[in-house]
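Q:
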Amino acid sequence: METIRLAIPSAAPGGLDCELGAHFGHCDCYTVVDVADGRVAAVNTLPNVPHVHGGCMAPVEHLAGHGVGALVAGGMGLRPLMGFAQVGITVYHGGTAASVGQAVEAFLAGSLTPFSRNQTCGGGCEN
Numbered sequence: 000m001e002t003i004r005l006a007i008p009s010a011a012p013g014g015l016d017c018e019l020g021a022h023f024g025h026c027d028c029y030t031v032v033d034v035a036d037g038r039v040a041a042v043n044t045l046p047n048v049p050h051v052h053g054g055c056m057a058p059v060e061h062l063a064g065h066g067v068g069a070l071v072a073g074g075m076g077l078r079p080l081m082g083f084a085q086v087g088i089t090v091y092h093g094g095t096a097a098s099v100g101q102a103v104e105a106f107l108a109g110s111l112t113p114f115s116r117n118q119t120c121g122g123g124c125e126n
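Mapping to numbering that gives the first Met the number 0: the sequence shown position 24 is 23, numbers consecutive.
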């Protein structure tokens with residue numbers, strides 16, 4: 000049985016029906032979806048940690064410490080992208096998903112692409 004823990008930056012209070020958080024490090028919380036054999040097995044929320052400009056590694060370590068293996072994001076700087084890779088978290092571009100549920104559906108369908116270096120921004124970007 001293949002399982003993965005997927006985190007999606009979310010607006011409060013989190014969950015499948017909420018909108019995506021604009022920035023992984025500054026979101027209200029993460030909706031954490033455990034996926035087993037291509038299906039949603041559990042949905043929980045995880046509070047974010049304090050994040051200051053240049054402190055992108057705090058959320059990276061926070062998510063890694065909670066067993067996250069994949070993250071959906073709208074924007075990403077190169078430094079945190081490299082940090083996620085170092086801790087074994089694959090970052091996927093959220094595409095056009097407007098809600099956490101849509102992002103999860105796109106992930107399950109295999110239609111999200113992994114973030115590449117050329118998609119990164121200077122940090123603190125919104126998309």
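Even glycine gets a Cβ: it sits at the ideal position worked out from N, Cα and C.
Note that the coordinates shown come from a computational prediction; the quantities given were computed from them, not determined experimentally.
Is there contact here, the stretch 78-87 with the stretch 42-51, by at least three beta-carbon pairs under 8 Å?
A: Output reads no: the stretch 42-51 does not touch the stretch 78-87.
Q: With a threshold of 6 Å on Cβ separation, who are the neighbours of residue 66 within its own chain once the five nearest residues in sequence on each side are excluded?
A: Here the question's residue 66 lines up with position 67 in the sequence shown. Within the same chain, residue 66 has close Cβ partners 4.
Q: If you check the beta carbons only, do residue 88 and residue 63 fall under 8 Å apart?
A: Residue 88 sits at position 89 when you count from the first residue of the sequence shown. Residue 63 sits at position 64 when you count from the first residue of the sequence shown. In this structure, residue 63 lies closer than 8 Å to residue 88 by Cβ.
Q: State the DSSP-derived secondary structure class of residue 6, mapped to helix, strand or coil.
A: The count along the sequence shown starts at 1 and reaches residue 6 at position 7. Strand at residue 6.
Q: Have a look at the DSSP bridge pairing and note the partners of residue 43.
A: Here residue 43 corresponds to residue number 44 of the sequence shown, with the count starting at 1. Partner(s): 31.
Q: For residue 125, name the three-state secondary structure that DSSP assigns.
A: On the sequence shown, position 126 is the one that residue 125 refers to. Bear in mind that a pLDDT of 45 at residue 125, under 50, signals an unreliable position, so the model cannot answer this.
Q: Output the distance between the C-alpha atoms of residue 95 and residue 34, rounded to the nearest integer angstrom.
A: What you label residue 95 is simply residue 96 of the sequence shown in a count that begins at 1. What you label residue 34 is simply residue 35 of the sequence shown in a count that begins at 1. Distance between the alpha carbons of residue 95 and residue 34: 21 Å.
Q: On the DSSP bridge list, what partners appear for residue 98?
A: Along the sequence shown, read from residue 1 onward, the residue named residue 98 stands at position 99. Bridge partners of residue 98: 18.
Q: If you draw a straight line from the alpha carbon of residue 104 to that of residue 12, how long is it in whole angstroms?
A: To locate residue 104, count along the sequence shown from 1; it is residue 105. To locate residue 12, count along the sequence shown from 1; it is residue 13. Between residue 104 and residue 12, the C-alpha separation is close to 20 Å.
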